[in-house]
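Structure record follows, encoded as structure tokens.
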Amino acid sequence: MKLGTQFPAAIHILLKISNFPDTRVTNEMLAKDTNLSAIEIRKLIRKLKAGNILDFKNGTGKLVLAKSPSEITLWDIFSVVEHESFDYLKEYLLNLPNYIENEKNVIIKNVDSTLQTIKQELEKKNLQNIKDELN
């Protein structure tokens, strides 16, 4: 998955689970909704579980939110599902040839600054805010 597809898909997954607590939300259902493969959905669910955003309800195998929607910021979601893309970008920049060192440093500084701005904005909103906007 490329940067940008995981974040909105993860929000959709969390909204679907939150909005339909009595329904067993399946990978196939989510894949159809998001135009992603079931494999990509499974990877996202694993990331959301590892980030303590999703969990499985004991005995049912149903996905549930690990916290209330008001406790899950958009930054929580973004940082869990998109961190690999930013890690890859930074690794790529750090491995550029030395003859473009000045360019590399300016790009890294701007990427870091942009990421900090994204973080500040996404920390202001949570999953409950998105649910409220949709209603």
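Take the position in the sequence shown, starting the count at 1, then add 5; the result is the number in this note's numbering.
Quick reminder that beta carbons are idealized off the backbone N, C-alpha and C, glycines included.
Burial state of N140 is exposed, judged by a 10 Å Cβ sphere holding fewer than 16 other Cβ atoms.
The C-beta of N131 has 16 or more other C-beta atoms within 10 Å across all chains shown, which makes the residue buried.
The C-beta distance from K67 to F61 rounds to 7 Å, short enough to fall under 8 Å. The beta carbon of A43 is closer than 6 Å to those of N32, E33, A36 in its chain, skipping five residues each way along the sequence. Secondary-structure assignment with DSSP links N131 through a beta bridge to T78. For E45 and Y104, the gap between their C-alpha atoms comes out near 38 Å.
In this structure, DSSP gives F83 a helical state, which the three-state scheme calls helix. Judged by DSSP secondary structure, D60 falls within the beta strand (DSSP E) whose first and last residues are 59-61. Under DSSP, L68 forms a beta bridge with F61.
In the three-state reduction of the DSSP assignment, P13 falls in the helix class. Given a length threshold of 4 residues, each whole run of the alpha helix (DSSP H) inside the segment 100-127 is given here in chain order: 106-127. With 16 or more other Cβ atoms from the protein chains shown falling within 10 Å of its own Cβ, Q11 counts as buried.
Apart from the 5 residues on each side of it in sequence, K21 sits with its Cβ closer than 6 Å to the Cβ of V30 in its chain, given in chain order.
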